[in-house]
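A short write-up of the structure that comes next.
4 protein chains.
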Amino acid sequence: MSKPFRLHRARLETLVDGVFAIAMTILVLELKVPELIDPRSANELMSALAHHGSVIGAYFFSFGMLAVFWIWHHRLAATLHEIDLSLLVCAIALLAMVCFFPFATALLGRYPTNVSALLVYVSVLGLIILLQTLFFRIAIRHRMILDTILKKEVLAAHAKNVRGCAIFCLACIPTALRLNIYAAIGCGILGGLLVWRARGISRS
Amino acid sequence: MSKPFRLHRARLETLVDGVFAIAMTILVLELKVPELIDPRSANELMSALAHHGSVIGAYFFSFGMLAVFWIWHHRLAATLHEIDLSLLVCAIALLAMVCFFPFATALLGRYPTNVSALLVYVSVLGLIILLQTLFFRIAIRHRMILDTILKKEVLAAHAKNVRGCAIFCLACIPTALRLNIYAAIGCGILGGLLVWRARGISRS
Amino acid sequence: MSKPFRLHRARLETLVDGVFAIAMTILVLELKVPELIDPRSANELMSALAHHGSVIGAYFFSFGMLAVFWIWHHRLAATLHEIDLSLLVCAIALLAMVCFFPFATALLGRYPTNVSALLVYVSVLGLIILLQTLFFRIAIRHRMILDTILKKEVLAAHAKNVRGCAIFCLACIPTALRLNIYAAIGCGILGGLLVWRARGISRS
Amino acid sequence: MSKPFRLHRARLETLVDGVFAIAMTILVLELKVPELIDPRSANELMSALAHHGSVIGAYFFSFGMLAVFWIWHHRLAATLHEIDLSLLVCAIALLAMVCFFPFATALLGRYPTNVSALLVYVSVLGLIILLQTLFFRIAIRHRMILDTILKKEVLAAHAKNVRGCAIFCLACIPTALRLNIYAAIGCGILGGLLVWRARGISRS
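Protein chains in written order, with the working numbering: chain A, 16 to 219; chain B, 16 to 219; chain C, 16 to 219; chain D, 16 to 219.
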């Protein structure tokens, strides 16, 4: 055990699958059965559910996002042969954010018109995307990628990740505008830089 | 990674098992310990539990339904060799419905005499059945079925799925009648069409 | 798929592991953070926790029981080569009881002096033990046991299960006495019959 | 089945992964969406979240601790070839503590200035560390370690575990001081003894 730290990939994948499955299912715990004055009134229940429409909408949107992140993570992880300590720390940070996501969803579902709730939600989303990109970048740097995968394909995948970050930054501009103009400009500049970086990676 | 999207079947099955296991267990979270005036009164507790009988009944019925869906999904998934993007999207939508199911159960358990609650519950059930049938249909269309399985068997399984949809439609007629007569007629016609379609598939 | 129903053992084991892991963890959700008048008072918190001692005790006892059932199930399941429909139905009923167990624990933890709460708890325990024994009995009847296991060992395991049921019945007598004398006598007779049956199995 | 009790390692690892994944995710259930007077006020939500800062901090810290324990457990478990009964009991006790951990976190997050809450939290942490060390010690005693692992490495790992216990004891001194001086001295002495023991193990 004085050897450098290595973890078998299958172990991490079981934990990742477990955490994603639970985070996806826990989202629904935020949906509360509404209290009705007349328990038999179909209209009252329907309008109560429609009133909670933003929570239900946030539920399905967040479920979809988690599913996308799960698929993305597995496509990246499938290219690795082993996990070293930095990769593991990065993956754990990612999972912490994934587990935090139901809370951010509940905040946004409860206060859909509140800028702070939107900010927390978008930050968690952004951190997840950032950590996924970082995860793959560390894997490339530490030569953890399987030999059977062409270098060109690895770089293409990395460029795609960076482009994903760029798209997220640009998509955040409307949200940032609700905060103030400087945040929006910052998002725009960051997005532009990332687009430029992604182009650099795919050319090299 | 410019290759067409493919996911290993085992990956999806782990997520499916996780989500089903959690959704089944989360059903029980809707059962609340009743508040008693006299904590030592055995009769009061029994009558409180009997009063919550509809919730407990809804719990066991929903648990059984989820178990049936889980077995059904695995029997279908066992015939696939790989998962492509459309199949994955269909499976994710199915899982979203499965995770939503405990909420629908809680609604129905809380308001057993409310038509809207019944409607939400039946819709979620219907969507799960529909998505399962669609899942297998896409698999057939995209030639994802294992070569070791005879074409006749595949068609028989598909016909069985469509027949399941038909039975569900016909079983919905009493519920639809509580809404209005047109919904009931619609259910009847849809059920009839599906029976006819199932017969067509098993003959071809 | 017109072949008799068969499910791969590994599939069921994943679901069983998932359900047990979640039921064990959900037990803790019944432990509520007590409300304190003075948030800094160490004594008040300690006495509040001591007051909730029965809940915490019920938690650890139930956790231990679930762990025992999990080990027991896997030792039985490890002797099977396949799962047929009756075994699957039996296993699903077992899982439904396992998922219901946290609720029964919460009832007992909340009302430790209430006979009805004890009755519900003991009934769920009894059903789990019964279903495990039934599970193995069906497996023997339907010849699902692996050929590598000696018939003598299989019978010894079955006798052990029946003896477990007998011990449970006898251990229930004090609880049944709190209900009425006839229930206690019934438990005693049933326990005696099961002891006698277990002896019969191990002799054959 | 009259053979000595043996459990396949993979079975235990699935349960461990499941329990850890759920305990990590359940931590977030303690984070409650704050109630706002003005639902659109961004400042009010931010200050409410900042007010709950200790809960959010406790969440991330506890998530990290669970991740560390999970990695630690798997590194130890990877050296075993089988699980006997004592190891299993030790692992189950460890899992009971892991499942109890979200409750201890909720207590500390709710009452961060309360000595009793800190005491419960630190005790659970300490028990987890102790049980891990015990787990590996039993494995060494019962010769469950894989033959491919050098005796020197096994002892180094054990010494590392004992040193972990020592560091924990020494790190507890400030907490113990808040209780009373004798507890602090006890922690110091225990820590010293463990450091000395760890040195003894690594020398032998």
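We treat Cβ as the ideally placed atom computed from N, Cα and C, and that holds for glycine.
All values reported here derive from a predicted model rather than from experimental measurement.
Of all residues in the stretch 88 to 116 of chain A, only LEU103, ILE107, LEU110, ALA111, CYS114 and PHE115 place a beta-carbon less than 8 Å from a beta-carbon of chain D. When SER77(D), ASP53(D), HIS157(D) and LEU46(D) are compared, the shortest CA-CA separation from LEU64(D) is found for LEU46(D).
Taking all protein chains in view, the Cβ of ALA25(C) is surrounded by fewer than 16 other Cβ atoms within 10 Å, so the residue is classified as exposed. Taking a Cβ-Cβ threshold of 9 Å, the residues of chain B close to ILE41(C) are THR40, ILE41, VAL43 and LEU44, in chain order.
For ILE216(A), the enclosing alpha helix (DSSP H) stretches over residues 196 to 218. Proximity of chain A to LEU30(B) at the Cβ level (cut-off 8 Å) is accounted for by ASP32, PHE35, ALA36 and TRP85, in chain order.
Sorting ILE216(C), LEU44(C), GLY33(C) and SER219(C) by C-alpha distance to the C-alpha of ALA121(C) places LEU44(C) at the top. Runs of alpha helix (DSSP H) with 4 or more residues, each lying fully within the stretch 87 to 173 of chain C, are found at 100 to 125 and 130 to 156, listed in chain order. By the beta-carbon neighbour count (other beta carbons within 10 angstroms, threshold 16), HIS173(B) is buried. Here VAL130(C) is not near ALA119(C), since their CB atoms are 9 Å or more apart. The beta carbon of LEU91(D) sits closer than 6 Å to those of PHE151, all from its chain and outside the five residues before and after it, given in chain order. In the three-state reduction of the DSSP assignment, LEU60(A) falls in the helix class, which pools H, G and I. Judged by DSSP in its simplified three-state form, LEU46(A) adopts coil rather than helix or strand. Around the beta carbon of ALA186(B), fewer than 16 other beta carbons lie within 10 angstroms, which makes this residue exposed.
From the listed residues ILE37(C), PRO49(C) and ALA181(C), the smallest Cα separation to TYR126(D) is found for PRO49(C). CA-CA distance, GLN147(B) to ILE71(C), rounds to 42 Å. For ASN195(B), the closest Cβ of chain C is not nearer than 9 Å. Per the coordinates, the alpha-carbon of ILE160(C) lies some 6 Å from the alpha-carbon of ALA154(C). As DSSP reads the structure, LEU22(C) sits in a beta bridge with ILE98(C). Sixteen is the threshold: since fewer than 16 other Cβ atoms of the shown chains lie within 10 Å of the Cβ of THR128(D), the residue is exposed.
Shown here for VAL139(C): same chain residues with a beta carbon closer than 7 Å to its own, the five before and five after excluded, namely MET112, PHE115, PHE116 and ALA119 in chain order. Short of 8 Å from the beta carbon of VAL169(A), and not among the five residues preceding or following it, lie these beta carbons of its own chain, in chain order: THR94, ILE155 and ILE160. Listed along the chain, the chain A residues whose CB falls inside 8 Å of the CB of ARG55(D) are TYR126, THR128 and ASN129.
Note that the C-beta distance between LEU209(D) and ARG178(D) is below 9 Å.
Short of 8 Å from the beta carbon of ILE216(B), and not among the five residues preceding or following it, lie these beta carbons of its own chain, in chain order: LEU170, HIS173, ALA174 and VAL177. Residue burial is scored here from C-beta neighbours: SER219(B) has fewer than 16 other C-beta atoms within 10 angstroms and is therefore classed as exposed. Note on geometry: alpha-carbon atoms of TRP211(D) and LYS166(D) lie some 20 Å from one another.
Between VAL34(A) and THR29(D) the beta-carbon gap is near 15 Å, outside 8 Å, which marks them as no contact. Excluding sequence positions up to five before and after ALA191(C), its CB lies within less than 6 Å of the CB of ALA198, ALA199 and CYS202, all in the same chain and listed in chain order.
Interface residue (Cβ-Cβ distance to chain A less than 9 Å): HIS173(B) is not classified as such. Pairing SER62(D) with LEU51(A), the inter-Cα distance amounts to about 32 Å. Straight-line measurement puts the Cα of TRP85(A) at about 19 Å from the Cα of ALA82(D). Interface flag for HIS67(A) against chain D is unset, since no Cβ pair is found closer than 9 Å. The criterion of a C-beta distance shorter than 9 Å is not satisfied by LEU133(A) and LEU142(A).
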